[in-house]
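K.L.:
So for the sequence shown, full-length UniProt numbering puts the first residue at 1; every next one is plus one.
Just passing along the structure, written as structure tokens.
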Amino acid sequence: MDQDNHYDVAIIGGGTIGLSAAYYAAAAGKKTVLFEKNVFYNDKGSSDGYSRMFRVMYSEPNSAMLAESSLALWNEIEQDTGVQLLKRNGLLFYGKNTEASAEGGLLQCQETMTALGIPFQQYDRAGLFENYPMFRELPDGYWGLNQASSATTEVQQSLRTFHDFAIKKGATLLSECPARVVDPKPGAQSYTIDTPRGRFTASSLIMAPSAWSNQVFAPFGIQLNLSIWQMNVAYFRVDPSLPWPMWFEFGEDSEQKPLQFYGFPPLERPGYIKASCEFSNQHYTDPSQCSYQPDPRTLKQIGDFLVTRFRGVDPTPHDAATCLYTMSADGQMILDTLPGYPNVAVLSGDSGRAFKFTPLFGRILMQLATTGKTPYDISEFSIKREGIIKA
Ligand SMILES: Cc1cc2nc3c(=O)[nH]c(=O)nc-3n(C[C@H](O)[C@H](O)[C@H](O)COP(=O)(O)OP(=O)(O)OC[C@H]3O[C@@H](n4cnc5c(N)ncnc54)[C@H](O)[C@@H]3O)c2cc1C
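Now the structure itself:
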């Protein structure tokens with residue numbers, strides 16, 4: 001074995017999760033290498049753009065508790081690096097008492113916040129109008145919850161911080177370096193990884209290749225039921241005299257199916273809101289099928305929604321962009337070791353919600369890959385749940 005090219009931990013995928021795993025592995029004293037097939041901070045995967053929602057408001061108590069654990073780690077990283085990564089600005093969840101969707105449900109969130117003793121403010125429809133002057137029209141029965149420890153996460157700053165501090169802790173991070181695991185054997189003590197920069201070996205593997213999961217997992221003989229959604233996001237000019245919170249609407253379409261829009265007051269573009277929706281008209285089986293061209297139909301749906309719901313919004317989208325959701329079969333994330341490979345840890349099917357868990361999941365992946373276990377309860381993310389692995 002070439003000792004120079006042998007690592008304790010090798011990581012495939014240098015989005016937010018892979019970079020965080022590299023940071024925690026190197027900080028734990030592991031000789032760490034990360035392979036990213038694109039450049040770092042690329043706009044082809046899921047970690048693109050400027051802002052993400054951080055929230056602890058979840059329908060399932062364990063997700064809320066994991067979000068709180070993640071918040072503690074975000075705070076720790078901010079302190080250790082001196083870089084501010086979260087801007088605490090509260091989050092308004094509002095809408096109908098719909099059945100809990102993949103994003104949860106208002107009633108379920110309220111019950112979970114109450115059970116866990118997490119403070120929140122509740123508003124009926126009149127209270128929403130009174131406290132949020134940007135509302136123009138709200139359907140009957142709408143109500144809302146505001147949770148103050150929510151925050152906007154600064155995407156680019158966060159990626160750079162994990163990248164730079166992983167290197168400071170001694171990790172080797174290789175960009176434009178696609179990686180392929182060669183002929184892995186269940187229970188192996190060492191894995192061989194082929195890259196354009198040569199052949200590497202590692203005692204443990206972490207794989208966080210998101211939309212490319214099935215390509216990367218193929219040598220293990222494991223394929224997941226994944227769907228790649230090309231999501232659309234754009235900036236819309238707003239009346240700057242109105243205070244805009246970070247908001248998420250739990251609405252319904254005419255067939256009572258979830259219809260969900262959300263938006264931020266973007267730090268990078270004052271005088272606008274950045275808005276998007278939880279649906280896409282572009283579903284694929286492989287990222288090579290994605291055009292990365294924004295969909296005018298979806299952008300119009302977002303603009304039409306904004307002018308109906310809010311005052312002082314211009315529905316013309318500006319700087320529209322796309323970004324990928326990697327959806328699992330049940331809309332829940334996958335965070336586990338690969339069956340038969342206790343030293344190979346994976347995150348996949350992040351289903352549009354893993355950014356807030358960046359430090360926690362990086363740490364968990366490092367623990368799983370190097371010890372086969374983690375003290376956190378991640379049973380809801382098991383790869384063995386029904387329908388996740390292709391039969
Ligand atoms: C529009 C949008 C809004 C979102 N909003 C939120 C939000 O508000 N809150 C939240 O928590 N989350 C949100 N998310 C989800 C969040 O952004 C993702 O869960 C997160 O970015 C996933 O990161 P990742 O590192 O797993 O994947 P990625 O960032 O896609 O990284 C995977 C990387 O693996 C690399 N790769 C693939 N194959 C190989 C290979 N063979 N060799 C080497 N490298 C390889 C790819 O090039 C890629 O860079 C949102 C996502 C989108 C698209």
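We treat Cβ as the ideally placed atom computed from N, Cα and C, and that holds for glycine.
Every value quoted in this text rests on a predicted model; they were computed, and no experiment measured them.
On the DSSP bridge list, what partners appear for S204?
P.N.:
Here residue 204 refers to the residue found at position 204 when the sequence shown is read from its first residue. Note: S204 sits in a beta bridge opposite V9.
K.L.:
So, under 8 Å CB-CB, P359 and L73 are touching, yes? Tell me the CB distance rounded to an integer number of Å.
P.N.:
Residue mapping note: residue 359 aligns to position 359 of the sequence shown, counting from 1. Residue mapping note: residue 73 aligns to position 73 of the sequence shown, counting from 1. That pair is a contact at about 4 Å.
K.L.:
May I ask which residues mark the beginning and end of the beta strand (DSSP E) holding R180?
P.N.:
Here residue 180 corresponds to residue number 180 of the sequence shown, with the count starting at 1. First-last of the beta strand (DSSP E) with R180: R180 to V182.
K.L.:
Leaving out five residues on either side along the sequence, give the residues of the same chain with a beta carbon under 6 Å from the beta carbon of Y235.
P.N.:
For this step, residue 235 is matched to residue 235 along the sequence shown. Excluding positions up to five away in sequence, the list reads R269, Y272, K274, H318 and D319.
K.L.:
Compute the Euclidean distance between the alpha carbons of R237 and V307, then round it to the nearest angstrom.
P.N.:
For the purposes of this step, residue 237 is taken as residue 237 along the sequence shown, with counting starting at 1. For the purposes of this step, residue 307 is taken as residue 307 along the sequence shown, with counting starting at 1. Rounded to whole angstroms, R237 to V307 spans 11 Å at the Cα level.
K.L.:
Below 7 Å, is the gap between the Cβ of Y325 and the nearest heavy atom of ligand 1?
P.N.:
Indexing the sequence shown from 1 puts residue 325 at position 325. Y325: yes, Cβ under 7 Å from ligand 1.
K.L.:
Grouping DSSP H, G and I as helix and E and B as strand, with all else coil, what is T374?
P.N.:
As a position in the sequence shown, residue 374 is number 374, starting the count at 1. Note: T374 maps to coil in three-state DSSP.
K.L.:
Ordered along the chain, which non-local residues of its own chain (more than five positions away) have a Cβ less than 8 Å from that of E154?
P.N.:
In the sequence shown, counting from the first residue as 1, residue 154 sits at position 154. So the list reads Y50, S51, Q84, L85, L86, K87 and L267, once near-sequence residues are dropped.
K.L.:
How far does the alpha helix (DSSP H) with M327 in it reach, from first residue to last?
P.N.:
Mapped onto the sequence shown, residue 327 falls at position 327. From DSSP, M327 is part of no alpha helix (DSSP H) but of the beta strand (DSSP E) over H318 to M327.
K.L.:
Which residues does DSSP pair with A275 in a beta bridge?
P.N.:
For this step, residue 275 is matched to residue 275 along the sequence shown. The partner list for A275 (beta bridge, DSSP) reads A234 and G263.
K.L.:
Is S51 close to chain B? Criterion is C-beta to C-beta, closer than 8 Å.
P.N.:
Checking the listed chains, one finds no chain B in this structure; it contains a single protein chain.
K.L.:
Got a sec: does ligand 1 put a non-hydrogen atom nearer than 7 Å to the Cβ of L347?
P.N.:
Counting from 1 along the sequence shown, the entry for residue 347 is found at position 347. Yes.
K.L.:
State the Cα-Cα distance for the pair C177 and N97, rounded to the nearest angstrom.
P.N.:
As a working note, residue 177 is residue 177 in the sequence shown. As a working note, residue 97 is residue 97 in the sequence shown. So the alpha carbons of these two residues sit roughly 47 Å apart.
K.L.:
Rounded to the nearest angstrom, how far is the Cβ of F250 from that of F93, given a contact under 8 Å?
P.N.:
Locating residue 250 in the sequence shown gives position 250, where the first residue counts as 1. Locating residue 93 in the sequence shown gives position 93, where the first residue counts as 1. Rounded, the Cβ-Cβ distance is 7 Å, consistent with contact.
K.L.:
Going by DSSP, which residues form a beta bridge with K87?
P.N.:
For the purposes of this step, residue 87 is taken as residue 87 along the sequence shown, with counting starting at 1. Bridge partners of K87: T152.
K.L.:
Hey, would you say I11 sits closer than 8 Å to I206, going by beta carbons?
P.N.:
Against the sequence shown, residue 11 aligns to sequence position 11. Against the sequence shown, residue 206 aligns to sequence position 206. In contact: I11 and I206 (Cβ atoms closer than 8 Å).
K.L.:
Given 7 Å as the limit, tell me if N343 has its C-beta closer than that to any heavy atom belonging to ligand 1.
P.N.:
What you label residue 343 is simply residue 343 of the sequence shown in a count that begins at 1. No, the Cβ of N343 stays beyond 7 Å of every heavy atom of ligand 1.
K.L.:
Can you check which of these residues, Y191, M327, Q156 and K169, is closest to P287 by C-alpha distance?
P.N.:
If you number the sequence shown from 1, residue 287 lands on position 287. With distances taken between Cα atoms, P287 lies closest to M327.
K.L.:
Just the Cα atoms here: how many angstroms apart are Y58 and S276?
P.N.:
Counting from 1 along the sequence shown, the entry for residue 58 is found at position 58. Counting from 1 along the sequence shown, the entry for residue 276 is found at position 276. If you take the alpha carbons of Y58 and S276, they lie about 19 Å apart.
K.L.:
In whole angstroms, what is the alpha-carbon distance linking P375 and Q156?
P.N.:
By 1-based counting over the sequence shown, the position of residue 375 is 375. By 1-based counting over the sequence shown, the position of residue 156 is 156. Near 29 Å, if we compare the C-alpha coordinates of Q156 and P375.
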